[in-house]
Structures are given as structure tokens and as C-alpha cells.
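For the record, the sequence lines run as chains E and B. Residue numbering for the first sequence follows our numbering, starting at 311 and increasing by one per position. Residue numbering for the second sequence follows our numbering, starting at 80 and increasing by one per position. Even for Gly, the Cβ is constructed at its ideal location relative to N, Cα and C. Before any comments, here is the structure.
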Amino acid sequence: MSRDSRERTLTSKLTEALTSSLNLSEVFANAEDLLFRLTPADYMALCVSRPGPRGDYDWWVTKMPAPFLARYSELAEHDFVRCAVMRERDKVLRDEEMVAHRKVLERSRWYAYCRELGMPLEHVMSVLLDVKGGVHAGLTFYRERRRPFSRRDQARLQALTLLLTQTVRNCRMYGEVAARGQELSAYFQHRATRCIVRVNPLVERMRTPPTTALLMKWFHPSELVVPSGLPTVLVERLAMLAAMGGAGAPGLDTWERAGEERGLAGQDLRVTFSRLPMQDGQHLWALEFQELLRAIPVPEAWRQSLTAREAEIVSYVLRDWDNQLIADHLDLALATVKKHLQNVFDKLGADSRTALIFRASLLCRGALS
Amino acid sequence: MTSPSPLAMPSEWQQRLTPREAEIVNCLLRGWDNQLVAEHLGVALGTVKKHLQNIFGKLGVDGRAALIFQAACNREPS
Numbered sequence: 311m312s313r314d315s316r317e318r319t320l321t322s323k324l325t326e327a328l329t330s331s332l333n334l335s336e337v338f339a340n341a342e343d344l345l346f347r348l349t350p351a352d353y354m355a356l357c358v359s360r361p362g363p364r365g366d367y368d369w370w371v372t373k374m375p376a377p378f379l380a381r382y383s384e385l386a387e388h389d390f391v392r393c394a395v396m397r398e399r400d401k402v403l404r405d406e407e408m409v410a411h412r413k414v415l416e417r418s419r420w421y422a423y424c425r426e427l428g429m430p431l432e433h434v435m436s437v438l439l440d441v442k443g444g445v446h447a448g449l450t451f452y453r454e455r456r457r458p459f460s461r462r463d464q465a466r467l468q469a470l471t472l473l474l475t476q477t478v479r480n481c482r483m484y485g486e487v488a489a490r491g492q493e494l495s496a497y498f499q500h501r502a503t504r505c506i507v508r509v510n511p512l513v514e515r516m517r518t519p520p521t522t523a524l525l526m527k528w529f530h531p532s533e534l535v536v537p538s539g540l541p542t543v544l545v546e547r548l549a550m551l552a553a554m555g556g557a558g559a560p561g562l563d564t565w566e567r568a569g570e571e572r573g574l575a576g577q578d579l580r581v582t583f584s585r586l587p588m589q590d591g592q593h594l595w596a597l598e599f600q601e602l603l604r605a606i607p608v609p610e611a612w613r614q615s616l617t618a619r620e621a622e623i624v625s626y627v628l629r630d631w632d633n634q635l636i637a638d639h640l641d642l643a644l645a646t647v648k649k650h651l652q653n654v655f656d657k658l659g660a661d662s663r664t665a666l667i668f669r670a671s672l673l674c675r676g677a678l679s
Numbered sequence: 080m081t082s083p084s085p086l087a088m089p090s091e092w093q094q095r096l097t098p099r100e101a102e103i104v105n106c107l108l109r110g111w112d113n114q115l116v117a118e119h120l121g122v123a124l125g126t127v128k129k130h131l132q133n134i135f136g137k138l139g140v141d142g143r144a145a146l147i148f149q150a151a152c153n154r155e156p157s
């Protein structure tokens, strides 16, 4: 395989890895090996931070010594790499472009610090990804060998810069909306019935307004945990899912209750559990509540023009039963059901079963709570 | 899309369908027939039918009526 086609293959795998998740840790884990194969180096660091003299730094690193990370914020002002890339955002720089002369680099405090920290660095290549929203991310490759990064290395990383920036931005935005209460409601459309929960200990982070009323409707007060106000049965399910670490739990990520248990005929409650990205080392969970109708009600207006038998048959059509099932249930011939339905279509001016269901569903929307 | 669809598409469907398929489902949820969907999207009638077969398969429904029924029953709370 030629070098070009090998690079193309790696680049396309890398693109896939960078879009594989909205969790930056997962993305980095999927992408780091490919990044190293495209740009051979001894260490690599992705540092996401808010600009400022003493910003907070979030690191995703490969093979970097721990003291480097622990002491970075006190040493950052001496980092000539950081200073250089901050001046030229979104541009990949090699060490020879960061300092005026090799000797300046070798005499820099940073060069000495890295040796003290057990990283005898010789060459570096870095880019500052301008993530916007008050956040930027530095991606830096380091080599201990006296083999400089080439223009080809530089061009390759430059070509990936936009995608890398988008990746960090998407992960940050998603992580932030999941972490910050006031923005959660923007993420979770306010009409939806959802709540967001931290599991250990159980803390409900937010709840959309309709959720409380729905819980009151579907659960008896004695079923709710004090003080969270969430149903015990859902809290237990959540604890079980969290203990499984989110590893595929077929059948466990939804929970249903039949309306009859609470005197609500013809409908079910479905709760769907989904795991959100990490926050402070813990996953948040979203509980989504849906009320499901088992049947669309027969519109009152229709009953006036239909016979009792026709209305009965329509009620089964609005349960999504097919003609054979209706015939069996009413002990009628299939042709009789069809004939009844033909009369129904004529009376209501609907030209098919689909039209009937469609119109009933539009009519019932206003009538339901 | 020219008008909002009168029946809301269940949000979980959105995740299972391609954008094109979701567009077609939104047309169905307006009560449009295949010919109208084809004209709206500027594609052949056969293309719409093929898309629908894929959509029915993905959503596990056995036809247009069942799809509308599911959408109606899977209502978002108001």
C-alpha cells in the first residue's frame, strides 16, 4: 500500500473515530492510536481549557507523565508552545516556527522543566483549536528523538483541524448541556416529560414541568420516595442499570405500567432510561415518560352518524386490529366486516382505513388531557 | 417542509430513520398519499414506495395505517 493510500485509510478511520461519540474521553480513546499512526510521536496531549491566566485544564493524554499534568497550571506561563499557538489559532505550528532559534528552545525554562519532569523533549508540534464559547483546546504532539516534525506531518494535522475542532465543540456542548441545570431545559424540549437524575447518591438534577403532574397521575403518593419524589420502582431500576455500567441491558431500559393499575383505561405509561455523558466521574441518567394509548377513541361526532355496530367496528379499527381479527372477535364473516367498513367510509367521507385512523387521531388530540 | 405535520413523529423514530425517511414519515403524518409525497420530494412514486418498505421494516409496523396509529398513540404529553 502506498503512503498516500495508507494515510487516506487512516484518515477515514480517524474521521469515524472522531464522530463515534459525544463523550470526549471515549472519542479520544478511539482516536488516539490512529492519531499516533498518522503522526508518530512519543506523547500526545489534548488540553481543553478556558482562556485566562489560571484557567482550568481538562486533559486527555497519551503516555504523559503525571507530574506534567499536576504542575501544568503553575508552569503554563513558561510553555512556549502554548504562547505560540495562542497567537495563531487553528494553525498547526512546529517548534521551529514557535521560537526564533533552536538554541532559544534549548535554553528555555520549559525545555528544562520537561526534563525535570521526566520528559526529555526535543520536538513539538501543536495546534490551538478555537472551539468558541469561551473554550479552546490545544492538541500537541511531542517527540523525544531529534527527528523534527515534517511539513508533511504539519499539513496532515492542519487538514484535520476543522474536524478536530468540531469534535471538541460537539462533545463540550453536549457535556455542558447535560451538566448545567439551566441549559438542560433547552436541550430537553420543555414540552417533553423528562427528568435527569444522578444516581449515587440519588439527586434529581432537573425535571420538566409536566413531569410532576404525570407522576401524580400514574403513581400513588405511597409509591414515591421521599424526598426525591420519584417512584421507588423507577429508582430501583435506575440503581440496577447504573450498577451494570450502562452495558447493554436489553429490556431493562424501559419500564411500563398498564393504566388499569391506576384506573386509567386504555393507556399505558412507558418510562425509558438513557445514560447521558459523564459529569464529575458519574453518569447522569435521563428518564423519559410517555403515555401510550392502546386505542384511539372513536370521535363523538362520528357516533351520531354511525350505527352501534359500525361504531363498534370503528373502535377496533382504531385499535389497529385487522379485519380478520375484528370478524373473529365479533363472530362475523370477513365480508360482513368489510361491508360495514365500506358503509362507514361512505358515511364519514373517508376513502380508506388509513384516512379513518388519521382523522380520528387528529380529532382525539384536542379531546385528550 | 411547508407546514408543520399535524401528528407529531415519536422522537425515538427520528433516531431509527435516515433524514430522508423521517421526511417521508412527516408527509404521511400529514395524511398525504404516496403520489403527493413523490411530487413534494421530486422523486418517482416507486422510490417513495421503496422508502416506505424500509420505513415499515425499521419501525416494525405492517403498513401506513399502523404507522399512523402508532404515531397517534405515542403522543407527547401536552
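Distance between Pro350 (chain E) and Gly444 (chain E) (C-alpha atoms, nearest Å): Within the first sequence, residue 444 (chain E) is the residue found at index 134, counting from 1. Within the first sequence, residue 350 (chain E) is the residue found at index 40, counting from 1. Rounded to the nearest angstrom, the two C-alpha atoms are 31 Å apart.
Applying the criterion that 16 or more other CB atoms from any shown protein chain within 10 Å of the CB defines a buried residue, is Ser436 (chain E) buried or exposed? By 1-based counting over the first sequence, the position of residue 436 (chain E) is 126. The residue in question, Ser436 (chain E), is buried, as its Cβ has 16 or more Cβ neighbours within 10 Å.
Indicate the three-state DSSP secondary structure (helix, strand or coil) for Leu324 (chain E) in the structure shown. Here residue 324 (chain E) is taken as the residue at index 14 of the first sequence, counted from 1. Helix, per DSSP.
Who pairs with Lys129 (chain B) in a beta bridge, going by DSSP? Here the question's residue 129 (chain B) lines up with position 50 in the second sequence. Note: Lys129 (chain B) sits in no beta bridge, so no partner.
Using DSSP with H/G/I as helix, E/B as strand and the rest coil, what is Pro541 (chain E)? Within the first sequence, residue 541 (chain E) is the residue found at index 231, counting from 1. In the structure shown, Pro541 (chain E) adopts extended strand secondary structure according to DSSP, grouped into three states.
Using only the alpha-carbon positions, how far apart do Glu407 (chain E) and Asp352 (chain E) sit? Here residue 407 (chain E) is taken as the residue at index 97 of the first sequence, counted from 1. Here residue 352 (chain E) is taken as the residue at index 42 of the first sequence, counted from 1. Cα to Cα, Glu407 (chain E) sits roughly 20 Å from Asp352 (chain E).
Nearest chain E C-beta to Gly142 (chain B) closer than 9 Å, yes or no? Position 63 of the second sequence, counted from the first residue, corresponds to residue 142 (chain B). For Gly142 (chain B), the closest Cβ of chain E is nearer than 9 Å.
Do the CB positions of Leu115 (chain B) and Ile103 (chain B) come within less than 9 Å of each other? Counting from 1 along the second sequence, the entry for residue 115 (chain B) is found at position 36. Counting from 1 along the second sequence, the entry for residue 103 (chain B) is found at position 24. In this structure, Ile103 (chain B) does not lie closer than 9 Å to Leu115 (chain B) by Cβ.
Unbroken stretches of the beta strand (DSSP E), 3 residues or longer, contained in the segment 342-404 of chain E: Whole beta strand (DSSP E) segments, 3+ residues: 353-359 and 367-372.
Where does Gly573 (chain E) land, buried or exposed, given buried means 16+ other C-beta within 10 angstroms? On the first sequence, position 263 is the one that residue 573 (chain E) refers to. Classification of Gly573 (chain E): exposed, given that the 10 Å Cβ count is below 16.
May I ask you to report which of helix, strand or coil DSSP gives His411 (chain E)? Position 101 of the first sequence, counted from the first residue, corresponds to residue 411 (chain E). Annotated three-state conformation of His411 (chain E) is coil, per DSSP.
Just the C-alpha distance for Thr325 (chain E) and Leu473 (chain E), rounded to the nearest angstrom, thanks. Along the first sequence, read from residue 1 onward, the residue named residue 325 (chain E) stands at position 15. Along the first sequence, read from residue 1 onward, the residue named residue 473 (chain E) stands at position 163. If you take the alpha carbons of Thr325 (chain E) and Leu473 (chain E), they lie about 8 Å apart.
Along the segment 127-152 of chain B, what residues have a CB closer than 7 Å to any CB found in chain E? Those residues of the segment 127-152 of chain B that come within reach of chain E (Cβ to Cβ, closer than 7 Å) are Arg143, Ala144, Ala145, Ile147, Phe148, Ala151 and Cys152.
Drop a sphere of 10 angstroms on the beta-carbon of Thr518 (chain E), count the other beta-carbons inside from all chains shown, and report buried for 16 or more, exposed for fewer. Here residue 518 (chain E) is taken as the residue at index 208 of the first sequence, counted from 1. Classification for Thr518 (chain E): buried.
Of all the CB atoms in chain A, is at least one closer than 9 Å to the CB of Leu628 (chain E)? You won't find chain A in this structure, because its protein chains are E and B.
Contact residues within the segment 406-419 of chain E, judged by C-beta distance below 7 Å to chain B: Answer in chain order: no residues at all.
Own chain residues within Cβ distance below 6 Å of Leu379 (chain E), not counting five before or after: Taking the first sequence and counting its residues from 1, one reaches residue 379 (chain E) at position 69. The residues are Trp369.
Hey, is Gly110 (chain B)'s beta-carbon within less than 9 Å of any beta-carbon in chain E? One-based indexing of the second sequence puts residue 110 (chain B) at position 31. Judged by the 9 Å Cβ criterion, Gly110 (chain B) is in contact with chain E.
Short Cβ contact (9 Å threshold) for Tyr452 (chain E) with Met354 (chain E): Here residue 452 (chain E) refers to the residue found at position 142 of the first sequence. Here residue 354 (chain E) refers to the residue found at position 44 of the first sequence. Yes. Within cutoff.
Need the endpoints of the beta strand (DSSP E) that Met435 (chain E) sits in, please. Stepping through the first sequence from its first residue, residue 435 (chain E) is reached at position 125. Taken as a continuous stretch (DSSP letters only), the beta strand (DSSP E) holding Met435 (chain E) covers His433 to Lys442.
Cβ closer than 7 Å: which chain B residues qualify as neighbours of Ser671 (chain E)? Walking along the first sequence from the start, residue 671 (chain E) turns up at place 361. The answer, in chain order, is Leu86, Ile147 and Ala151.
Short of 9 Å Cβ to Cβ, which residues in the segment 640-669 of chain E face chain B? Considering only beta carbons, the part of the segment 640-669 of chain E lying closer than 9 Å to chain B consists of Ser662, Arg663, Thr664, Ala665, Leu666, Ile667, Phe668 and Arg669, in chain order.
Ile606 (chain E) touches chain B at which residues, Cβ-Cβ below 8 Å? Position 296 of the first sequence, counted from the start, is the residue given in the question as residue 606 (chain E). Those are Phe148, Ala151 and Cys152, listed as they occur along chain B.
Answer yes if the segment 322-337 of chain E comes into contact with the segment 399-415 of chain E, meaning at least three C-beta pairs across the two stretches below 8 Å, and no otherwise. Result no; under three Cβ-Cβ pairs closer than 8 Å.
Classify Gly428 (chain E): buried if its beta carbon has 16 or more other beta carbons within 10 angstroms, exposed otherwise. By one-based count along the first sequence, residue 428 (chain E) stands at place 118. Around the Cβ of Gly428 (chain E), a 10 Å sphere holds fewer than 16 other Cβ atoms; the residue is exposed.
Are three or more beta carbon pairs between the segment 665-673 of chain E and the segment 622-634 of chain E nearer than 8 Å? As far as the Cβ criterion goes, the segment 665-673 of chain E touches the segment 622-634 of chain E, which means the pair count is three or higher.
My output table needs one value for Ala645 (chain E): the three-state DSSP class, helix, strand or coil. Within the first sequence, numbered from 1, the residue matching residue 645 (chain E) stands at position 335. In the three-state DSSP reduction, Ala645 (chain E) falls in the helix class (H, G or I).
Report back the beta-carbon spacing between Glu533 (chain E) and Val543 (chain E) to the nearest angstrom; my notes put them in contact at under 8 Å. By 1-based counting over the first sequence, the position of residue 533 (chain E) is 223. By 1-based counting over the first sequence, the position of residue 543 (chain E) is 233. Distance from Glu533 (chain E) to Val543 (chain E) at the Cβ level is roughly 7 Å; contact confirmed, criterion being Cβ atoms closer than 8 Å.
Whole-angstrom distance between Val414 (chain E) and Ala101 (chain B), CA atom to CA atom: Locating residue 101 (chain B) in the second sequence gives position 22, counting from the first residue. Locating residue 414 (chain E) in the first sequence gives position 104, counting from the first residue. Distance between the alpha carbons of Ala101 (chain B) and Val414 (chain E): 59 Å.
Can you have a look at Gly448 (chain E) and say buried or exposed, based on whether 16 or more other CB atoms are within 10 angstroms of its CB? Sequence index remark: in the first sequence, residue 448 (chain E) carries index 138 (1-based). Note on Gly448 (chain E): 16 or more other CB atoms within 10 angstroms of its CB, so buried under the neighbour-count rule.
Give every residue of the same chain whose Cβ lies closer than 8 Å to the Cβ of Thr646 (chain E), excluding the five residues on either side of it in the sequence, and list them in chain order. Here the question's residue 646 (chain E) lines up with position 336 in the first sequence. For Thr646 (chain E), same chain residues with a beta-carbon under 8 Å away, outside a window of 5 residues either side, are Ala637 in chain order.
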